[in-house]
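In what follows, a structure is listed as structure tokens, so that the remarks can point back to it.
What follows is the structure, given as structure tokens:
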């Protein structure tokens with residue numbers, strides 16, 4: 215009698231970064247992502263949909279939009295739930311696609327923790343996501359990684375010095391309330407840079423950052439001024455002015471790293487692959503990491519490490535032509551048959567126009583609206 219063939223597919227999508235539908239929300243591919251998720255229903259065998267960190271951009275999502283956007287520093291469960299409500303409203307087609315995908319009982323969704331969706335550590339947020347998706351048994355929050363039959367999936371921010379989560383102290387106490395304990399840089403982004411993001415909403419979508427800042431001196435000066443100012447205040451002013459507020463405690467081990475980044479105008483994410491290989495002693499054959507918003511592949515005799523890239527609206531800057539080339543969307547499709555795994559990296563086509571850098575910096579919001587229109591995204595809040 216022939217042995218039963220057991221098959222499961224694992225689909226990995228990372229760095230979606232669904233936000234609140236404001237100009238700080240860099241995800242506009244609801245139509246494409248929903249179509250991809252729904253296409254998985256055609257598969258007859260079980261499918262694990264692994265969302266590899268930064269599925270939600272809680273970090274840059276306001277807790278309210280009216281009468282104006284508000285980005286609180288102290289993230290209680292109530293604040294996280296308010297942000298989730300905005301994200302749900304802004305990206306309803308994706309949530310509906312998740313729900314339909316789960317209508318097959320053999321299908322499961324795994325939300326891996328990233329540095330932009332730190333709020334997933336709140337149990338109330340996990341329960342609300344399950345409620346919104348109408349499913350409490352097929353929705354999972356495994357923490358930092360997913361592992362199955364030689365496949366290992368992790369977002370990777372724990373290998374980036376500036377974005378590491380302190381798992382020994384996930385929450386802080388402030389005025390009798392439990393609040394999330396963000397990395398120092400995340401607190402800085404919320405407090406010092408969100409208004410700049412609203413003023414220059416398109417620029418963060420452009421890579422590489424050093425080349426971008428070289429060609430946009432005004433923003434480069436503002437970024438450096440803001441960074442140095444916040445850094446100095448965090449050392450010599452905030453700890454005394456807000457002595458009872460634990461979010462203003464300054465981690466002294468950041469001094470050398472921040473100095474190096476300011477001096478070298480290095481505001482991109484570090485290459486975490488090398489650090490991962492040094493620190494992690496896992497023996498999985500296929501490793502999928504996120505955090506880096508570009509496609510990278512590192513092969514050895516026994517292992518392949520894949521960064522498939524981001525699903526945000528992102529562009530590659532061409533210095534010679536000053537064109538902004540839209541980046542492709544990708545996912546990793548892994549078939550596991552009797553504990554043996556095979557992978558493929560799949561490009562998901564999204565038709566987009568090439569923008570010109572000089573036109574974009576004249577009116578960034580106009581071009582964000584143009585990009586959203588091209589992708590059929592209609593829930594952008596422009597007030």
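Residue numbers (the numbering used here): 215 to 597. Glycine is no exception: its CB is placed at the ideal position from the N, C-alpha and C atoms.
Residue environment, residue i, which counts as buried when at least 16 other CB atoms sit within 10 Å
i, result
"residue 526", "buried"
"residue 353", "buried"
"residue 297", "buried"
"residue 546", "buried"
"residue 561", "exposed"
"residue 574", "buried"
"residue 538", "buried"
"residue 284", "exposed"
"residue 417", "buried"
"residue 590", "exposed"
"residue 490", "buried"
"residue 226", "buried"
"residue 380", "exposed"
"residue 543", "buried"
"residue 496", "exposed"
"residue 467", "exposed"
"residue 280", "exposed"
"residue 454", "exposed"
"residue 511", "exposed"
Beta-carbon spacing of residue i, residue j below 9 Å
i, j, result
"residue 211", "residue 335", "With the chain covering only 215 through 597, there is no way to say anything about residue 211."
"residue 355", "residue 385", "no"
"residue 308", "residue 261", "no"
"residue 370", "residue 523", "no"
"residue 401", "residue 278", "no"
"residue 267", "residue 240", "no"
"residue 531", "residue 446", "no"
"residue 555", "residue 365", "yes"
"residue 388", "residue 460", "yes"
"residue 320", "residue 553", "no"
"residue 362", "residue 550", "yes"
"residue 405", "residue 444", "yes"
Sequence-distant residues of its chain with Cβ nearer than 6 Å to residue i (five each side left out)
i, result
"residue 215", "Low local confidence applies: a pLDDT of 49 at residue 215 is under 50, so the model's placement there is unreliable, and no value is given."
"residue 247", "308"
"residue 372", "378"
"residue 304", "234, 235, 593"
Length of the line joining the Cα atoms of residue i and residue j
i, j, result
"residue 349", "residue 300", "20 Å"
"residue 238", "residue 564", "21 Å"
"residue 231", "residue 244", "11 Å"
"residue 368", "residue 507", "14 Å"
"residue 345", "residue 327", "19 Å"
"residue 396", "residue 218", "48 Å"
"residue 582", "residue 486", "30 Å"
"residue 585", "residue 270", "20 Å"
"residue 579", "residue 452", "33 Å"
"residue 290", "residue 513", "42 Å"
"residue 557", "residue 548", "4 Å"
"residue 533", "residue 374", "28 Å"
"residue 595", "residue 415", "13 Å"
"residue 492", "residue 282", "46 Å"
"residue 383", "residue 469", "21 Å"
"residue 436", "residue 274", "19 Å"
Cβ shell of residue i (< 7 Å), same chain only, five flanking positions each side left out
i, result
"residue 399", "376, 377"
"residue 577", "none"
"residue 615", "It is not possible to answer for residue 615, since the shown part of the chain is limited to 215 through 597."
"residue 559", "520, 522, 544, 546"
"residue 509", "521, 522, 523, 544"
Chain-order list of residues whose beta-carbon lies under 8 Å from that of residue i (same chain, five-residue window excluded)
i, result
"residue 347", "309, 312, 313, 316, 323, 353"
"residue 536", "429, 570, 571, 572"
"residue 294", "272, 333, 336, 338, 339, 394"
"residue 448", "398, 402, 462, 464"
"residue 259", "221, 222, 223, 320"
"residue 588", "565, 566, 567"
"residue 391", "288, 290"
"residue 342", "295, 298"
"residue 257", "223"
9 Å Cβ cutoff, residue i in contact with chain C
i, result
"residue 349", "Here chain C cannot be found, since the structure has a single protein chain."
Would the region 309 to 316 count as touching the region 252 to 270 if we require 3 or more Cβ pairs under 8 Å? yes
Looking at C-beta atoms only, is the number of pairs between the region 513 to 521 and the region 491 to 500 that lie closer than 8 Å three or more? yes
Counting Cβ pairs closer than 8 Å, one from the region 404 to 413 and one from the region 432 to 450, do we hit at least three? yes
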